Amino acid sequence: MSTAPDHLRLAADFEPATYDQWRKLVDGVLKGAPFEKLVNKTYDGLTIAPIYQRAENVAPIIGRRPATPWQIMQRIDHPDAKKANTQALTDLENGATGLTLVFAGANGARGFGLEATEETIAQVLEGVYLDAGIAIELQIGPAARMAAVYLAEYVKAKGLDPAACDIRFGLDPIGACAVWGSSAHDWSEIAPAFTDAVKKLSVMGFKGPFAAADGRVIHDAGGSEVQELAYVLATAVAYLRALEDAGIALDDARSMIFARLSADADQFLTLAKFRALRLLWARIEESCGLVAKPLLVSAETAWRMQTQRDPSVNMLRATMATFAAGLGGANAIGVLPHTLAQGLPDSFARRVARNTQLVLLEESNLAKVADPAAGAGGIEALTKELCEAAWAQFQEIEQAGGAFAALVANLIQPKVAATRAARQAAVAKRRDVLTGASEFPNLHEERASVLKVKPAEAEPYGKPNITFKPLTPIRMALPFEALRNKSDHVLARKGARPKVFLANLGTPADFTARATFTKSFFETGGIEAIDTEGFSDPAALAAAYGAAEAAMVCLCSSDKAYETHAIAAAKALRDAGAKHIYLAGRPGEQEAAYREAGVQNFVFVGVDALKMLTDAWDQIEGA
Numbered sequence: 002m003s004t005a006p007d008h009l010r011l012a013a014d015f016e017p018a019t020y021d022q023w024r025k026l027v028d029g030v031l032k033g034a035p036f037e038k039l040v041n042k043t044y045d046g047l048t049i050a051p052i053y054q055r056a057e058n059v060a061p062i063i064g065r066r067p068a069t070p071w072q073i074m075q076r077i078d079h080p081d082a083k084k085a086n087t088q089a090l091t092d093l094e095n096g097a098t099g100l101t102l103v104f105a106g107a108n109g110a111r112g113f114g115l116e117a118t119e120e121t122i123a124q125v126l127e128g129v130y131l132d133a134g135i136a137i138e139l140q141i142g143p144a145a146r147m148a149a150v151y152l153a154e155y156v157k158a159k160g161l162d163p164a165a166c167d168i169r170f171g172l173d174p175i176g177a178c179a180v181w182g183s184s185a186h187d188w189s190e191i192a193p194a195f196t197d198a199v200k201k202l203s204v205m206g207f208k209g210p211f212a213a214a215d216g217r218v219i220h221d222a223g224g225s226e227v228q229e230l231a232y233v234l235a236t237a238v239a240y241l242r243a244l245e246d247a248g249i250a251l252d253d254a255r256s257m258i259f260a261r262l263s264a265d266a267d268q269f270l271t272l273a274k275f276r277a278l279r280l281l282w283a284r285i286e287e288s289c290g291l292v293a294k295p296l297l298v299s300a301e302t303a304w305r306m307q308t309q310r311d312p313s314v315n316m317l318r319a320t321m322a323t324f325a326a327g328l329g330g331a332n333a334i335g336v337l338p339h340t341l342a343q344g345l346p347d348s349f350a351r352r353v354a355r356n357t358q359l360v361l362l363e364e365s366n367l368a369k370v371a372d373p374a375a376g377a378g379g380i381e382a383l384t385k386e387l388c389e390a391a392w393a394q395f396q397e398i399e400q401a402g403g404a405f406a407a408l409v410a411n412l413i414q415p416k417v418a419a420t421r422a423a424r425q426a427a428v429a430k431r432r433d434v435l436t437g438a439s440e441f442p443n444l445h446e447e448r449a450s451v452l453k454v455k456p457a458e459a460e461p462y463g464k465p466n467i468t469f470k471p472l473t474p475i476r477m478a479l480p481f482e483a484l485r486n487k488s489d490h491v492l493a494r495k496g497a498r499p500k501v502f503l504a505n506l507g508t509p510a511d512f513t514a515r516a517t518f519t520k521s522f523f524e525t526g527g528i529e530a531i532d533t534e535g536f537s538d539p540a541a542l543a544a545a546y547g548a549a550e551a552a553m554v555c556l557c558s559s560d561k562a563y564e565t566h567a568i569a570a571a572k573a574l575r576d577a578g579a580k581h582i583y584l585a586g587r588p589g590e591q592e593a594a595y596r597e598a599g600v601q602n603f604v605f606v607g608v609d610a611l612k613m614l615t616d617a618w619d620q621i622e623g624a
């Protein structure tokens, strides 16, 4: 029988590396370049250093109970109630522990959703044991506001104890107004109706929470983490004040509110955001004279990061997002099926959404440790920065009169719009990569399978007596997808896509790197690349181009090979009838000579790819 040694040596034989030692090595590699070159910034301007020392004197943030899994929520949004019921039962039988009932017109409905009727709710929940620990979360809009009442009446009609049912009713009048950019009523009229609904549900015996402070409103519109946190705080406080004004004690009122955050593929920012929300809410509670109690936080993977093209990559994005939300302490997580941007997901996509969470919980054991990021220097620093910046923006909203007043005054919207524009610029220049859409496209991919259900366009509820700028949901990949759609239409109409001829110069060692880059560049816009073996003879190049019937041509090679071949090749292509000549790489000092030879544009890392591809399509369609 062997015994373990008292001391395992392994790395103990080596002196621990210090920050100063690491910094000295890095400075040597930088060779005089500033260290700040390695420091990144978020869209909020928060700094992210390349390395951090362990944080000292920190404690885990109290959220989900240790060793307690988060609720695996599955979206129920099929317009046919009977089919929605079949989906719900399948989900629960195969690992889901909760259902998110998404009603038509709700924020996050994405064109589908349940009808808000008594009959629909009864049909959808047939065979679902609501008092058996199954969580229910409602996503409702103004047109579906009665869904909460119908669900409550359904529970009572079934003879169930409301207190035994885990139901989050999801009342969110501010969020609905924010997305539509209008309201039929002022907050002074909305608040009493809201609190009356909460009171009735509470009197019926339901424990709540009843109101949702939904950060997706900001995230879907392209906003930042700080903006999302500030909005959630402001909305939650608005509901808290309304409930207190209606005679509900603050200690009870806070339990009637929950938060909903978007989780995206930036795992560190997402993780820190969930941690920051709990600290910020604790600060709100302290200001109210309350002893801190963990806020219930629901998560949903981000809509804006979904792509129609190469939707399988959405599985990876969702996995990263779920990982981050889970480690950040989310109480419940809903994973958007990876084909949702294409239509109503089928059974396979729904199974993948469930299994994304099941694998992380059952195989990776992510819920076993409470706040595993506690003490990690980078996460702690980012959490602190998020808290400070979000609190400052929250105070601005409060000074404007609260969430509703700030929306009416268009205080929040310009900040979100500026961040959205910055994101869109980064996507256009491919600094923020959307695999399958803005990078690594597959022109020959098959469309994913979705259910044949036509999306329905929602309309605002009631007469818009108060109007302001809406926080409209977006998907970042949409501009690139629009170009791909154009290509598909041309293919269907003419039997072939527009083409770019890759005029590879020199040997494969010269042109392979830039040819590969250029192929990906043009095909993200739906322009098919014709690869070649390489040319050194301008006449042979011109002949090959003439036979290719390509709408445009791009020279591809190394800077050294360009010195020898580029100008002669461009002239030969121009003389052969090429009207749109590109060169892969930065032109440098040779730009004037290249342009004189016939080169019109240059393709390189950091160029506005979306603009260049849009211009290319203008040329194609104008020919």
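Position in the sequence shown (first residue = 1) + 1 = the working numbering. All C-beta atoms, glycine included, are put in the ideal place defined by N, C-alpha and C. On a predicted model such as this, the values are computed, not experimentally measured, just so you know.
Legend entry - Buried versus exposed, by CB contacts within 10 Å (16 or more), R355: The residue is buried, with at least 16 neighbouring Cβ atoms inside 10 Å.
Legend entry - the region 394 to 407 touching the region 471 to 489, judged by at least three CB pairs closer than 8 Å: With a cut-off of 8 Å on Cβ pairs, the region 394 to 407 is not in contact with the region 471 to 489, counting fewer than three such pairs.
Legend entry - Residues near M2 by beta carbon distance below 8 Å, same chain, minus five either side: With a pLDDT of 42 at M2, under the threshold of 50, the modelled position of that residue is not reliable, and the figure given next carries that caveat. Leaving aside the five residues that flank M2 on each side, none in its chain has a CB nearer than 8 Å to its CB.
Inset, instruction - Have a look at the DSSP bridge pairing and note the partners of S521. - result: The partner list for S521 (beta bridge, DSSP) is empty, contrary to what the question assumes.
Legend entry - N- and C-terminal bounds of the alpha helix (DSSP H) containing G589: Taken as a continuous stretch (DSSP letters only), G589 belongs to no alpha helix (DSSP H), as it is neither H nor E.
Inset, instruction - Any chance you could list the beta strand (DSSP E) runs of at least 3 consecutive residues sitting entirely within the region 72 to 117, in chain order? - result: The DSSP assignment places complete beta strand (DSSP E) segments of no fewer than 3 residues inside the region 72 to 117 at 72 to 77 and 99 to 103, in order along the chain.
Inset, instruction - Compare the beta carbon distance of L115 and D173 with 8 Å and say whether it is the shorter of the two. - result: The answer is no: Cβ separation not under 8 Å.
Legend entry - Three-state secondary structure assigned by DSSP to S450: In the three-state reduction of the DSSP assignment, S450 falls in the coil class.
Legend entry - Proximal residues to T615 (C-beta, below 6 Å), its chain only, five neighbours per side dropped: Here the set comprises nothing.
Inset, instruction - Return the CA-CA distance between F605 and I168, expressed in angstroms with no decimal places. - result: Roughly 53 Å separates the two Cα atoms.
Legend entry - Boundaries (first-last residue) of the alpha helix (DSSP H) holding T384: G378 to Q400 is the span of the alpha helix (DSSP H), which, as asked, contains T384.
Legend entry - Bounding residues of the alpha helix (DSSP H) (the contiguous stretch that carries D619): A610 to G623 is the extent of the alpha helix (DSSP H) around D619.
Inset, instruction - Give, in chain order, every unbroken run of the alpha helix (DSSP H) that is at least 4 residues long and sits entirely within the region 120 to 189. - result: 148 to 158 and 174 to 181, all fully within the region 120 to 189.
Inset, instruction - Alpha carbon to alpha carbon, how far is D560 from A510? Give it in angstroms, no decimals. - result: If you take the alpha carbons of A510 and D560, they lie about 12 Å apart.
Inset, instruction - Would you mind stating whether A145 and A185 have Cβ atoms separated by less than 8 Å? - result: Not closer than 8 Å, so no.
Legend entry - Limits of the beta strand (DSSP E) - the one that D215 falls within: Where D215 is concerned, the enclosing beta strand (DSSP E) stretches over A212 to D215.
Inset, instruction - Using the Cα positions of L542 and V454, report the straight-line distance between them to the nearest angstrom. - result: It is roughly 50 Å from the alpha-carbon of L542 to the alpha-carbon of V454.
Inset, instruction - Quickly, what does DSSP pair N505 with across the bridge? List them, please. - result: In the DSSP assignment, N505 forms a beta bridge with C557.
Inset, instruction - Mind checking who S299 pairs with in its DSSP beta bridge? - result: In the DSSP output, where bridge partners are listed per residue, S299 has R261 and A333.
Legend entry - Local conformation of L345 per DSSP, three classes: If DSSP states are grouped into helix, strand and coil, L345 belongs with the strands.
Inset, instruction - For E597, name the three-state secondary structure that DSSP assigns. - result: Helix at E597.
Legend entry - Pairwise C-alpha distance: G160 and L47: Answer to the nearest angstrom: the Cα atoms are 53 Å apart.
Inset, instruction - Can you tell me which of the three DSSP states T650 falls into? - result: Outside the shown range of the chain (2 to 624) lies residue 650, about which nothing can therefore be said.
Inset, instruction - Could you name the residues of the same chain whose beta carbon sits closer than 8 Å to that of K42, not counting the 5 residues immediately before and after it, in chain order? - result: Around K42: T48 and I49.
Inset, instruction - May I have the straight-line CA-CA distance separating N95 from D187, to the nearest angstrom? - result: One Cα belongs to N95, the other to D187, and the distance between them is close to 45 Å.
Inset, instruction - Please name the residue in I73, V451, S288 and E399 whose C-alpha comes closest to that of R255. - result: Nearest C-alpha to R255 among I73, V451, S288 and E399: S288.
Inset, instruction - Thinking G99 and E138 are a contact (beta carbons under 8 Å), I'd like their distance in whole angstroms, please. - result: Confirmed, Cβ separation roughly 7 Å.
Inset, instruction - Please classify E687: does DSSP put it in a helix, a strand, or coil? - result: Residue 687 falls outside the range modelled here, since the chain spans only 2 to 624, and no answer is possible.
Inset, instruction - Decide yes or no for the touch test of the region 356 to 369 against the region 23 to 31: beta carbon pairs closer than 8 Å, at least 3 of them. - result: With a cut-off of 8 Å, the region 23 to 31 and the region 356 to 369 do not count as touching, because too few Cβ pairs lie within range.
Legend entry - Nearest-angstrom Cα separation, counted from R279 out to A366: Note on identity: in this sequence residue 366 is Asn, with Ala being the wrong assignment. Their backbone Cα atoms lie some 22 Å apart in a straight line.
Legend entry - 7 Å CB neighbourhood of A85 in its chain, flanking five on each side removed: I77, H79, L115 and V125, listed in sequence order.
Inset, instruction - Kindly list the residues whose CB is nearer than 8 Å to the CB of I135, restricted to its own chain and excluding five residues on each side of it in sequence; keep chain order. - result: Only residues of its own chain outside the window of five on either side were considered, and among them L93, T98, G99, L100, V129 and D167 have a CB closer than 8 Å to the CB of I135, listed in chain order.
Inset, instruction - Would you identify the three-state DSSP class for V227, choosing helix, strand or coil? - result: The DSSP-derived three-state label of V227 is helix.
Inset, instruction - Excluding the 5 residues preceding and the 5 following A594 in the sequence, name in chain order all residues of the same chain whose CB lies nearer than 7 Å to its CB. - result: These residues qualify, in order along the chain: I568.
Legend entry - The beta strand (DSSP E) enclosing N602, as first and last residue numbers: Following the DSSP letters along the chain, one finds N602 inside the beta strand (DSSP E) bounded by residues N602 to V604.
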